[in-house]
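Protein chains in written order, with this note's numbering: chain A, 125 to 448; chain B, 2 to 548. Even for Gly, the Cβ is constructed at its ideal location relative to N, Cα and C.
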């Protein structure tokens, strides 16, 4: 199968996954106990007419099959429906929150990948030394601290005791900052939440890169490279690290998607106004359209990231194209 | 020489002018504005400016709109909680059915348009009919013709039922500008209301959903202009973050619900921080589902459960001593509180004896009594919302305590929305006992609707499925009684019936732990519930910078 066939197969698989997710997405939230329309009313004296009006507004007066058809039709037109709790189009609600999450996740993940791969490669390269022991212990520790606890500790140390960072939010509340000042302010606010994500992910990348590096270092082509008299750094860069990176690339694809969904805790602790908080509220309000929209976004980002990884995998490792 | 001197003088003047301009517009100069910052958790924060339930049931919303919108009248501060005119000069009624309010003549909305009786009429008719509704017994008007605009500043309306008592009707209701809301009258709740034009003492400057609300004082306010220049409601990710913000001076006090009893000693040691321990506004009680066919339907079982609960121990274990035992929907400091109610003192021996005598015995020797009707274990599902950590703890302690009298409790911890859906549909039998909490406030006659029988128009709030015609009759009589002394007697009787029947078993009234900064502002007003609640926005009106 040629490159075109390989790409086509991967794209079709991704599309099928999305279709499956759309169906599961629709069913799964409706299995939760409780009537979402009743939940829109904190005042229990709501009249039957008002309940019915609300059901009609949100299309919940139709049978499940009718709701599903309307949902799929809406999706085909790029319409994710109307949020129960926000009373606004889901797309608009998500679009308002997604930039904050993306800024946080992409920045944190990039730093984590860079640091994790560098430290992991170094640790694997210097396997068995004191440096390796130190990096390994530190990474295991970082990887095992719950994000929530880590967030609180960071707040306590850096925002309260040393007081060099803010206690939360994305920018200084009630300020009229603009331009570079605003960018600086956002970066200042982002430092701690990003650090909490970096600390968690860097441990993962170090452990993965290190173990992959140790595997590669035992391969015959590394011995050959040594026997050819190549310089150590060149062997590390061109022979060892490139091969050791394959599993790292795979996990990065998965992480990119999961990170968007996984920042809920960091966003909660640091009151970062992103999608994570939105999910929490949507779950508690049984906001089906919003949940469907957000989870579709999460699923789409995981599938897309994996598709991209699959495609570039073929470039990084020619054996994959051959085997397909 | 003269020429040179002139040049120098001019240069000096220019330099001084430049400094003056720089100083005037520098951040330091801007910082001189007095800003009262108040902290909320992100869960309590407003996500949008739409009216409706967000204003009524989110903590930030309930304090926000009374700053930006005027009300006809407002609850006065403690200890008397008198009804005080807000945007009206006075009100009058002859029969407690038809009410006439006289508006102040110089009130204007933030956009400069005058506040008139037309605005009040619009609000009175359309706000209670929005969906979800802003609907209370004291703004129940059956038809539009019952609202009459007498002149530009006089409005008269006739209620569906008499509203006698200390407080006039149409309480806690924003006066909306008709010229802005009219196009949205059928769907008031959907109106985005981005500018939030009201006529209140503060104006909205900037709003970021879930993050902050920035208000500035309305310098052209028709009444007493606030002393603080700005009020900012900030949201924080956790209670810990709020506590840290307070200690660091980033906020002056906590916007709602105060802090945990665990933090009291810590705050007392903090420089420039004082702690107001106020009587709570929230009451916590057990709600018994009397619809479900089991032993809970037996009044004696409910009474035995109450004797099996050690409320003093509950208060020590859950609230670290910062709570008082409760026995009525009415707060003890109010004149309508009946001091002679049964107290259900902790007495497990008596509880066991009551159950034995009534035939609830442990027949199979498993430590749990058996229902005398079906023989099944007296095991009850106890519904608690996960969002109320203190009440979850309380439920766990109650579970252990009633185990001693041979009753098993199974905790059913659910999210808050599911909890509300379950408790307000007792006929669906999704719980046996629930923990409940409300904030009736001093003007809390609406709370009695929680016990009005389903056969007497009492659906909705009656989460116990309680049905007692004598209670309903007394409630109707109390609502119609215009003589305050007689009305008080009837309120006493309602309390007696409820304390005897126990559809709801009152447990505790948690104190409000309200830490506040003392270094920048003074004049905060403390009422039941602390410095800032839906009945108390006086702290914002009365706070002033310390000179």
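Which residue's Cα is closest to the Cα of residue 396(A): 469(B), 288(B), 502(B), 237(B)? The residue given as residue 396(A) occupies position 272 in the first chain. Nearest C-alpha to residue 396(A): 237(B).
Apart from the five residues just before and just after residue 60(B), which ones in its own chain have a Cβ nearer than 7 Å to its Cβ? As a first step, residue 60(B) must be located in the second chain, where it is residue number 59. Closer than 7 Å at the Cβ level, and outside the excluded window around residue 60(B), lie 41, 45, 256, 257, 258.
Can you tell me the Cβ-Cβ gap for residue 367(B) and residue 163(A), rounded? I've got them flagged as a contact below 8 Å. Residue mapping note: residue 367(B) aligns to position 366 of the second chain, counting from 1. Residue mapping note: residue 163(A) aligns to position 39 of the first chain, counting from 1. Contact doesn't hold; Cβ gap of about 38 Å is too wide.
With 7 Å as the limit, tell me which residues of the region 390-417 of chain B have their beta carbon closer than that to any beta carbon of chain A; keep them in chain order. 416, 417
If you measure from the CB of residue 170(A), is any heavy atom of the ligand NAP nearer than 7 Å? Absence of the ligand NAP is noted for the structure shown, with no ligands found whatsoever.
Have a look at residue 179(A) and residue 200(A) and give me their C-alpha separation to the nearest angstrom. Sequence index remark: in the first chain, residue 179(A) carries index 55 (1-based). Sequence index remark: in the first chain, residue 200(A) carries index 76 (1-based). Near 23 Å, if we compare the C-alpha coordinates of residue 200(A) and residue 179(A).
In whole angstroms, give me the CA-to-CA distance for residue 540(B) and residue 265(B). As a position in the second chain, residue 540(B) is number 539, starting the count at 1. As a position in the second chain, residue 265(B) is number 264, starting the count at 1. Roughly 21 Å between the two C-alpha positions.
Would you call residue 20(B) buried or exposed, if buried means 16 or more other Cβ atoms sit within 10 Å of its Cβ? Taking the second chain and counting its residues from 1, one reaches residue 20(B) at position 19. Low local confidence applies: a pLDDT of 46 at residue 20(B) is under 50, so the model's placement there is unreliable, with the coordinate-based value given in what follows. Answer is exposed; the Cβ neighbour count stays below 16.
If I'm right that residue 264(A) touches residue 327(A) with Cβ under 8 Å, what's the distance once you round it to whole angstroms? Counted from its first residue, the first chain places residue 264(A) at position 140. Counted from its first residue, the first chain places residue 327(A) at position 203. About 7 Å; that satisfies the 8 Å criterion.
For residue 228(A) and residue 36(B), what's the separation of their Cα atoms in angstroms? Mapped onto the first chain, residue 228(A) falls at position 104. Mapped onto the second chain, residue 36(B) falls at position 35. Going by the C-alpha atoms only, they are around 30 Å apart.
If you draw a straight line from the alpha carbon of residue 133(B) to that of residue 187(A), how long is it in whole angstroms? As a first step, residue 133(B) is located in the second chain; it is residue number 132 there, counting from the start. As a first step, residue 187(A) is located in the first chain; it is residue number 63 there, counting from the start. Each residue's Cα considered, the two are about 23 Å apart.
Touching by the beta-carbon criterion (3+ pairs, under 8 Å), the region 353-363 of chain A and the region 267-284 of chain A: no
Closest to residue 198(B) by C-alpha separation, out of 178(B), 186(B), 216(B), would be which residue? If you number the second chain from 1, residue 198(B) lands on position 197. It is 178(B).
Rounded to whole angstroms, how far is the Cβ of residue 499(B) from the Cβ of residue 279(B), which I believe are closer than 8 Å? As a first step, residue 499(B) is located in the second chain; it is residue number 498 there, counting from the start. As a first step, residue 279(B) is located in the second chain; it is residue number 278 there, counting from the start. So it is not a contact: roughly 26 Å between Cβ atoms.
Counting only beta-carbon atoms, is residue 378(A) nearer than 8 Å to chain B? Along the first chain, read from residue 1 onward, the residue named residue 378(A) stands at position 254. Cβ-Cβ to chain B under 8 Å: no for residue 378(A).
Give the straight-line distance between the Cα atoms of residue 300(B) and residue 209(A), rounded to the nearest whole angstrom. What you label residue 300(B) is simply residue 299 of the second chain in a count that begins at 1. What you label residue 209(A) is simply residue 85 of the first chain in a count that begins at 1. Near 40 Å, if we compare the C-alpha coordinates of residue 209(A) and residue 300(B).
Buried or exposed by the 16-neighbour rule on C-beta atoms within 10 Å, applied to residue 313(A): Translated into positions along the first chain, residue 313(A) becomes position 189. With 16 or more other Cβ atoms within 10 Å, it is buried.
Within chain B, partners of residue 392(A) - CB distance below 8 Å: Here residue 392(A) refers to the residue found at position 268 when the first chain is read from its first residue. Residues of chain B passing the Cβ test: 43, 238, 239.
Which chain D residues are close to residue 126(B), counting only those with a beta carbon under 9 Å from its beta carbon? The displayed structure is made up of protein chains A and B, and chain D is not among them.
Is it buried or exposed, residue 102(B), if we count other Cβ atoms within 10 angstroms and call 16 or more buried? For the purposes of this step, residue 102(B) is taken as the residue at position 101 of the second chain. Answer is buried; the Cβ neighbour count reaches 16.
The region 314-332 of chain B touching the region 470-479 of chain B, judged by at least three CB pairs closer than 8 Å: no
Quick one: what does DSSP say residue 286(B) is sitting in, helix, strand or coil? Position 285 of the second chain, counting from 1, holds the residue named residue 286(B). Here residue 286(B) sits in strand by DSSP.
Going along the chain, which residues of its own chain have a beta-carbon closer than 7 Å to the beta-carbon of residue 207(B), five neighbours each way excluded? Stepping through the second chain from its first residue, residue 207(B) is reached at position 206. Within the same chain, residue 207(B) has close Cβ partners 215.
Local conformation of residue 379(A) per DSSP, three classes: Here residue 379(A) corresponds to residue number 255 of the first chain, with the count starting at 1. Three-state result, residue 379(A): helix.
Quick one: grab the DSSP three-state call for residue 110(B). Locating residue 110(B) in the second chain gives position 109, where the first residue counts as 1. Three-state result, residue 110(B): coil.
So the candidates are 332(B), 340(B), 338(B), 353(B); which of them puts its Cα closest to the Cα of residue 303(B)? As a position in the second chain, residue 303(B) is number 302, starting the count at 1. Looking at the Cα atoms, 353(B) is the closest of the given residues.
Quick one: grab the DSSP three-state call for residue 366(A). On the first chain, position 242 is the one that residue 366(A) refers to. Correct three-state label for residue 366(A): helix.
Which residue or residues does DSSP assign as beta-bridge partners of residue 324(B)? Taking the second chain and counting its residues from 1, one reaches residue 324(B) at position 323. 511(B), per the DSSP bridge assignment.
Do residue 241(B) and residue 323(A) have their C-beta atoms closer together than 8 Å? Stepping through the second chain from its first residue, residue 241(B) is reached at position 240. Stepping through the first chain from its first residue, residue 323(A) is reached at position 199. Cβ distance not < 8 Å, so residue 241(B) and residue 323(A) don't count as in contact.
Under a three-way DSSP split, which group does residue 337(B) fall into? For the purposes of this step, residue 337(B) is taken as the residue at position 336 of the second chain. Reduced to three states, the DSSP call for residue 337(B) is coil.
Taking the continuous beta strand (DSSP E) assigned at residue 385(B), which residues delimit it? In the second chain, the residue the question calls residue 385(B) occupies position 384. Where residue 385(B) is concerned, the enclosing beta strand (DSSP E) stretches over 380-386.
Which listed residue (413(B), 227(B), 181(B), 270(B)) has its alpha carbon closest to that of residue 434(B): Your numbering for residue 434(B) matches position 433 in the second chain. Out of 413(B), 227(B), 181(B), 270(B), 413(B) has the C-alpha closest to the C-alpha of residue 434(B).
Is there a C-beta anywhere in chain A that falls below 8 Å from the one on residue 133(B)? For the purposes of this step, residue 133(B) is identified with residue 132 of the second chain, where counting begins at 1. At least one chain A Cβ lies under 8 Å of residue 133(B).
Under the DSSP definition of a beta bridge, which residues are partnered with residue 278(B)? Looking up residue 278(B) in the second chain gives position 277. Per DSSP, 514(B).
Proximal residues of chain A, C-beta to C-beta of residue 245(B) below 9 Å: Reading the second chain from its first residue, position 244 is the one you call residue 245(B). Neighbours of residue 245(B) on chain A, chain order: 279, 280, 283, 284, 291.
Is residue 231(A) closer than 8 Å to residue 318(A) when the C-beta atoms are compared? Looking up residue 318(A) in the first chain gives position 194. Looking up residue 231(A) in the first chain gives position 107. Yes, Cβ-Cβ distance for residue 318(A) and residue 231(A) is below 8 Å.
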